[in-house]
Amino acid sequence: MFPFISFEWVWDIEHVVFMGGLWYAVSILGIGMAYCIIKAAIDKKEV
Amino acid sequence: MKIDRRCFLSLGIGAAAGTALSPLPWKLMDDASIWTQNWPWTPVPPDGEISYTDSTCTLCSGGCGITVRKIDDRVVKIEGRENHPVNNGGICVLGLSGTQLLYGPTRVKSPMKKINGTFQKITWNQALSEITEKLLTLRAEGRSHTVAAIAGSSRGTVSALLQRFLTAYGSPNFYCQSSIEDSFSLSHIQPQNNKTIPGFDLENADYVLSFGTGIIDGWGSPVRMIQASNAWKTKNLKLIQVEPRLSDTAARSDEWLPSKPGTEAILALGIAHVILQESLYDQAAIDYHSEGFVTWRTAVLGHYHPDKVAEITGIDAKTIFTVGREFGQAEKPVAICGRGKGNTPVSVAEMSAIHALNVLVGNVNKKGGVFTLPEPNYISWPEISFDTKAETSLQTKQIAEGGLLHRLPSAINEAEDSVTLLFVADANPCYTLTDTKEVIRAFKKIPFKVSFSSYMDETAKLSDLILPNHSYLERYEDVPVTSGLRNPVIGLTKPIVNPLFQTKHTGDVIISIARAMKGSIESSFPWKNYYQCLKNGLGQHWNPLLNNGVVEITYIPEFEEIPRFAFQIPNDKPQVLLEGNENKMDLTLIPSDSMRLSSGYIGAPPFMMKTIPDTILKDNNTLVQIHPKTAEKLELKQGCYAILKTPRDEKKVKIHLSQGIGEDIISFPRGLGHTAYDSYLAGKGINFNELIGPVEDPFSGLDVAWGIRASLIKA
Amino acid sequence: MDSAFIPEGVKRCPFPQFLAGLGLAGVVLAWGIFAMLLCWLKGLNQTNMNDSYGFALWIWADLAVIALGGGAFFSGFLKYIVGKDELKNIINFAVLIGFICYSSALLILAIDIGQPLRGWFIFWHANVHSMLTEVAFCLSCYFGVLTIEYIPLILENRQIDKIPFFHNLSHNMHEVMAVFAATGAFLSFFHQGSLGGIAGVLFGRPFAYREGLLVWPWTFFLFTWSAAAYGPCFTIFLIKLLEKITGKKLVKDNVIDLLAKISGWMIFTYIFAKIIDTWYWAVVTVQSKGQTLMDFYDDNMFYGLWILVAEIVVGGIFPALILLTKKGRNSASLLWAAVILACLGVCINRWVMVLQVMAIPVLPFEDWALYYPSWQEIATTILPVAYGVILVMISYRYLPIFPQEKELNPIESH
Amino acid sequence: MTQEYRKEKKYGMVIDLDRCTGCGACMVACMAENNVPFRDNETDKLKSITWMRIYQLTNGKSYPNEEICYLPRPCMHCEGHNGHSPCVTVCPAVATDYDRETGIVSQIPTRCFGCRYCMAACPYHARYFNWWDPVWPEGMEKSLSPNVSPRMRGVVEKCSFCFHRYQLAYEKAASEDRRELRENEYQTSCTQACPAGAITFGDLINKNHAVYKIKKDPRAFRLLERLKTNPKIYYLSSREWVRRAGDNYHPEEETGKIKSHQ
């Protein structure tokens with residue numbers, strides 16, 4: 027699942043494409059949510 | 004700080020987020036999965052040193068060599084022994100499951116006495132003194148002859164010790180289950196007062212004509228027979244199977260002759276007719292090996308023309324001619340009989356009709372043929388000493404006339420107190436004897452029953468005292484094997500593990516009882532223990548047996564020692580008739596044997612039960628096989644329930660339709676319906692023996708029932 | 052009693068009545084949970100599954116709810132990516148249904164696996180070649196997306212909205228929702244597809260096996276397509292059902308009409324593709340394996356050609372034709388018929404792709420394996436329905452699910 | 086050929102159905118060797134774990150022309166196309182794998198989380214699920230072999246070609262400084278037990294092994310070759326109807342004449 031960490035990881039096209047897609051999606055969601063939460067917290071202080 | 008809802012909510016979410024980000028949930032997740040990989044209730048077999056020990060299997064009469072794999076002192080696997088004269092590395096389902104018998108829940112773990120209907124543990128001292136006292140009292144009362152014993156086999160030192168004990172004690176009532184070998188012996192004229200046993204050099208035969216013999220269904224020494232049948236395949240030998248049912252043997256034969264059940268002898272005579280008519284017989288050999296040929300020849304030529312035989316047997320005349328010619332012209336043709344596993348005798352008339360074929364073509368006592376061998380009396384013990392008490396009481400008549408075991412239950416049921424004490428060793432008569440209900444009734448009438456069984460089988464369960472033997476993996480014993488081999492073989496079982504429970508070798512038990520009886524009985528048992536008795540008794544055979552685990556007894560008889568075959572003049576109806584009224588019960592019920600069913604005195608262990616197909620046993624129901632047309636007539640469907648009625652009993656069965664059986668025949672699997680043993684076996688299916696009763700051969704008195712009339716009614 | 056939590060300007064039933072309803076659904080839920088616990092504690096021997104039916108009722112339920120929940124991603128896709136703005140009136144509900152369907156699907160999967168405590172191995176020891184891995188990844192991620200889409204809805208509750216942080220959060224999330232929705236659509240495309248791929252890649256099972264494009268069998272695309280096509284029908288069906296129950300109009304006709312029309316076109320094109328796929332499979336794929344179409348529909352007690360007709364004609368062509376015509380969409384009864392048939396159609400498709408696959412013998416000497424579920428399986432399959440009802444009840448009562456409700460059902464001032 | 090090539094093995098079996106008597110010894114030999122659990126009622130064959138299972142085939146003719154053939158079915162250890170066996174590719178957690186050194190399809194029960202996708206993928210029904218916790222009656226756990234871990238409830242298991250025997254043999258060979266195993270050093274439990282000598286086991290690509298030659302017998306066929314599963318179990322039968330029962334055929338097709346993929 028994790029490059030460098032999981033022993034099953036192989037640097038082949040399947041892993042790169044599939045896991046790449048996954049991590050890409052997870053990052054978008056994570057960053058998006060983080061952005062929303064942090065902004066909400068900041069906005070709250072400004073109120 | 005005021006804790007309001009808002010604060011509470013934030014705190015909660017914060018805590019959740021904090022926990023999620025901490026290693027805690029991940030660690031818990033990991034631990035949980037590691038826990039599932041090591042569930043404490045899933046056993047982890049301890050590792051240890053691997054060792055292999057050779058021994059002999061005793062679970063059927065086949066006597067295969069086994070190699071037992073142990074880890075430290077645990078038996079983990081039983082394998083076939085390489086280069087063994089009987090099985091050469093092969094092994095069967097029962098032999099492989101032996102570990103489950105050794106460690107299984109069916110073992111009797113100590114001497115048990117039935118008190119108020121339940122078994123209670125007692126010590127060996129208590130058990131032995133109780134039995135000794137009983138025996139002494141009976142003897143003092145002059146009732147020695149009311150002590151009886153049933154042994155699984157007439158051969159081997161333990162059976163011989165039991166018989167010896169009874170004789171020295173003064174009882175003529177020692178019984179063994181009759182077998183096909185008795186039929187064979189009775190169809191010969193004995194030169195000495197000895198039994199004649201058949202030896203089959205089947206590997207070297209070139210044409211095998213089998214009359215219902217389950218060659219690969221467990222007849223003879225099963226593994227060896229499977230190997231022989233494959234040797235025939237390789238050599239392109241022809242196997243002809245005469246059988247009403249498409250058994251595995253029939254399925255494997257080159258030609259299956261689906262004769263009407265019970266007409267095998269007539270078919271054999273029809274084939275003999277062809278051989279005689281076309282002069283394909285060997286006159287010199289006939290003269291050498293037999294008596295009574297001329298009159299027999301006339302009778303057969305007169306009454307058994309293939310056309311007529313075809314009518315009775317359902318095998319067309321053309322086939323009879325072909326088979327007769329092929330048999331007559333083959334170099335080493337062999338005709339064999341004994342239905343299914345061959346555990347039940349056939350009538351002497353049938354045996355004669357079939358073995359006559361071997362004699363006709365002269366394939367007797369030569370390579371690739373059938374041998375007439377003397378019983379291998381290999382045990383040499385000192386003479387028994389008798390006191391007057393024994394001498395007189397030995398003169399009393401046997402309770403079952405002719406020493407025939409199947410007569411014992413009715414004899415007991417008819418006369419009061421005919422048997423007051425019964426020993427049962429290596430046998431399970433309450434399961435294996437036919438008309439089981441009567442057997443159990445008789446058994447219950449006997450005031451005191453003693454079982455030597457290692458396992459809680461049906462007979463042990465009904466006994467008053469159990470003196471459990473070591474299992475075969477815990478003891479020394481000689482294993483004589485004659486079934487279907489060229490020469491008799493003696494194997495040796497060895498203690499692979501120390502006895503797990505408080506069991507005692509039956510041989511030792513008999514010796515200690517005898518010694519406690521004092522007097523002439525004690526002096527008839529001059530051995531310290533069973534081991535010594537075995538070693539002394541086997542004499543010259545002991546050292547090779549101990550070293551190799553097996554010895555072959557090759558014995559070439561002199562001319563005058565050769566038992567001569569007696570051609571029996573066939574009467575009008577050489578077939579054994581069925582019990583039951585033909586008009587009321589118009590179906591014929593026959594048993595079917597299979598390698599995956601154990602029908603002997605050892606019940607199938609769990610592994611074996613796993614191999615039974617669901618066309619034989621489904622849940623707790625036995626399935627009977629019938630032809631679709633029979634089913635149509637009786638309005639039965641695949642998988643439906645029906646009541647199977649015979650003159651002896653009636654049972655609920657399930658129907659399985661098959662194209663491998665003729666019309667109006669019901670095939671019933673033998674080996675199910677145990678009421679004892681463990682939950683893996685007890686209550687599964689129906690015991691065939693309950694549905695059938697003995698039918699005696701008028702010539703020999705042997706129980707030669709091969710089936711019974713029956714009816715099937717939709718339930 | 053709970054009026055402070057009920058959105059302003061709408062009328063809800065009395066609290067006791069609401070509680071009674073909750074209780075009723077709760078009983079069914081408890082039954083399902085009991086069965087679920089049995090399965091977890093005693094193992095899958097509680098089911099009637101067997102070695103021929105490794106996949107059974109649950110997997111069908113799983114595939115079915117995901118297909119039906121497809122309305123969420125497709126309406127999201129239409130609203131945020133294609134820009135069909137009218138759908139904003141329906142998107143909340145679609146998200147709610149999606150959330151219910153997907154959480155149920157995940158729960159069913161957690162019950163279905165033999166070692167639930169090791170379920171995370173699918174992520175940790177992932178085999179990237181397995182369709183199921185793809186399903187697990189995309190499904191969980193998309194469930195994350197649905198949660199993200201559902202959160203702002205919760206935050207819009209009257210009381211929660213009063214908290215500035217949550218108010219802001221809700222606002223911020225709405226702002227970036229298009230990004231989330233796009234990610235969701237991307238994930239959905241793959242997991243709907245890989246669910247189809249699950250059956251399609253089984254080259255040992257000619258009934259399921261399909262040829263395809265690169266690593267994806269045709270069922271991959273058909274499943275995505277059918278989820279997008281039939282999912283909205285389920286959303287419409289539930290809205291109509293909710294309107295019947297509440298006795299209120301909740302969504303304007305033009306919105307329903309738009310969704311129905313899009314759904315109609317989707318079903319129409321899907322079923323066209325499905326027919327081609329079936330035809331090619333029957334004539335080429337199956338033939339090459341030495342079998343014929345009728346091998347799969349013959350000689351057993353249950354599966355006949357009727358099921359193929361039911362799926363394609365009754366559950367496909369019929370609803371497509373109704374939804375494509377204005378008259379069909381405008382007639383209440385026809386619309387009802389269309390959405391129900393469509394939901395049945397897609398459920399039959401998922402059934403066939405799971406259970407019939409298991410039933411058909413592949414070895415010539417084997418027989419059909421038919422199976423009926425145990426009560427534990429049925430209870431755990433109904434569990435999500437009860438759970439869904441409860442969540443819909445609560446959400447409908449306390450959250451502004453239907454933006455048009457106030458306008459359509461003005462309350463006389465009191 | 087290079088040294089590298091020689092190292093690769095493809096263990097497989099040839100089962101002679103002309104010799105098989107259906108006695109069941111292979112089934113029990115397998116159970117005893119691999120600690121296969123058992124239950125009170127084993128008559129529901131769809132819930133009975135038998136890594137080696139014997140099918141009874143009939144020619145479909147009516148009495149008295151019916152014929153029977155027994156067909157033992159272990160795991161086929163399919164190679165598929167280049168190791169892509171039907172089950173290995175679908176396992177989401179790499180709990181089953183195609184071992185390129187031996188050609189054996191492995192199964193790791195502690196890795197398996199019981200999704201049963203592999204069972205759905207296997208057309209041979211060679212995979213079994215542990216629907217129950219394995220329970221040995223008191224005392225009988227002594228008969229368990231330490232070479233094969235008993236499996237827990239909720240995981241899939243199947244024939245491993247007695248892989249532990251390969252490992253033990255390999256360790257022994259290594260201790261004797263040998264890199265390659267002799268043919269008889271590694272044999273499966275079923276092969277060893279078969280009283281009919283119907284099973285031959287060995288390296289299918291090693292010219293010195295018996296299986297290499299026998300698999301080219303004109304009687305040879307494999308099950309469901311048309312599905313391109315590329316199994317490593319070959320069967321021999323001199324009966325045409327048996328060979329035909331090994332695969333699905335259109336009526337006009339000739340038995341064994343379908344060009345299969347390698």
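Chains A, B, C and D, in that order, give the protein sequences. Here the first sequence is numbered in this note's numbering, starting from 27 and rising by one per residue. Here the second sequence is numbered in this note's numbering, starting from 4 and rising by one per residue. Here the third sequence is numbered in this note's numbering, starting from 52 and rising by one per residue. Here the fourth sequence is numbered in this note's numbering, starting from 86 and rising by one per residue. No residue lacks a Cβ here, since even glycine has one placed at the ideal position from N, Cα and C.
- Rounded to whole angstroms, C:A420 and D:T174 show a C-alpha spacing of 25 Å.
- Sixteen is the threshold: when 16 or more other Cβ atoms of the shown chains lie within 10 Å of the Cβ of B:N90, as they do, the residue is buried.
- Here the C-alpha atom of B:F374 lies approximately 7 Å from the C-alpha atom of B:R489.
- Of all residues in the region 651 to 665 of chain B, those with a C-beta nearer than 9 Å to a C-beta of chain D are S661, Q662, G663, I664 and G665, reading in chain order.
- With respect to the C-alpha of B:N207, the residue from B:Q40, B:R478 and B:N233 having the closest C-alpha is B:N233.
- Residue state for B:V579 is assigned as coil, using DSSP reduced to three classes.
- Under the Cβ distance rule, D:A278 does not count among the residues neighbouring chain C, no pair being separated by less than 8 Å.
- At the C-beta level, D:E118 and D:C247 come within 8 Å of one another.
- Taking a 10 Å sphere around the C-beta of B:G223, we find 16 or more other C-beta atoms and assign the residue as buried.
- Interface annotation, B:C95: in contact with chain D, CB-CB separation under 8 Å.
- Here D:G239 is not near D:H162, since their CB atoms are 8 Å or more apart.
- Only buried fits C:G122, as 16 or more other CB atoms lie within 10 angstroms of its CB.
- Secondary structure at B:L503: coil, using DSSP grouped into helix, strand and coil.
- B:D622 is a Cβ neighbour of D:N126, given a cutoff of 8 Å.
- Contact between B:A713 and B:I646 is absent: CB atoms are separated by about 10 Å, not below the 8 Å threshold.
- The DSSP-derived three-state label of D:V241 is strand.
- For the options B:N551, B:L626, B:P450 and B:I449, the alpha carbon positioned closest to that of D:T128 is the one of B:L626.
- Within chain B, the residues placing a beta-carbon under 7 Å from that of C:W171 are M32, ordered along the chain.
- Nearest CB-CB separation between B:S682 and chain C: not below the 8 Å threshold.
- In the DSSP assignment, C:W387 falls within the alpha helix (DSSP H) that extends over A383 to W402.
- Looking only at D:I299, D:C111 and D:R236, the smallest Cα-Cα distance to D:G199 is reached by D:R236.
- When the five nearest sequence neighbours on each side are left out, the beta carbons in the same chain lying within less than 7 Å of the beta carbon of C:L392 are those of V365, G366, F369 and P370, in order along the chain.
- Cβ-Cβ separation between B:M611 and B:L97: approximately 6 Å, consistent with a contact (criterion under 8 Å).
- Its Cα nearest to that of C:A278, the residue C:G244 stands out among C:I110, C:G244, C:L386 and C:W269.
- Here A:F28 is exposed: its Cβ has fewer than 16 other Cβ atoms, across all protein chains shown, within 10 Å.
- Under DSSP, B:I192 shares a beta bridge with B:R567.
- When Cβ-Cβ separations below 8 Å define contact, B:T39 makes contact with chain C.
- Separation of the CB atoms of B:Y604 and B:D460 is rounded to 7 Å, and the pair is thereby assigned contact status at 8 Å.
- By the C-beta criterion, the region 91 to 104 of chain C is judged to be in contact with the region 412 to 426 of chain C, since at least 3 inter-stretch pairs fall below 8 Å.
- Residues of the region 206 to 238 of chain D whose Cβ lies closer than 9 Å to any Cβ of chain B, in chain order: D218, P219, V220, W221, P222, E223, G224, M225, E226, K227, S228, L229, S230, P231, N232, V233, S234, P235, R236, M237 and R238.
- The three-state secondary structure of D:L229, taken from DSSP, is coil.
- Beyond the five residues adjoining it in sequence on each side, C:F125 comes within less than 7 Å, by CB distance, of A279, G282 and P283 in the same chain, given in chain order.
- Out of B:N176, B:P261 and B:S132, the CA that lies nearest to the CA of B:A151 is found in B:N176.
- Contact of D:F306 with chain C by beta-carbon distance below 9 Å is absent, the smallest such distance being about 12 Å.
- Put simply, the backbone Cα of C:G83 is about 32 Å away from that of B:G21.
- Among the bridge pairs identified by DSSP, D:Q141 is matched with D:Y155.
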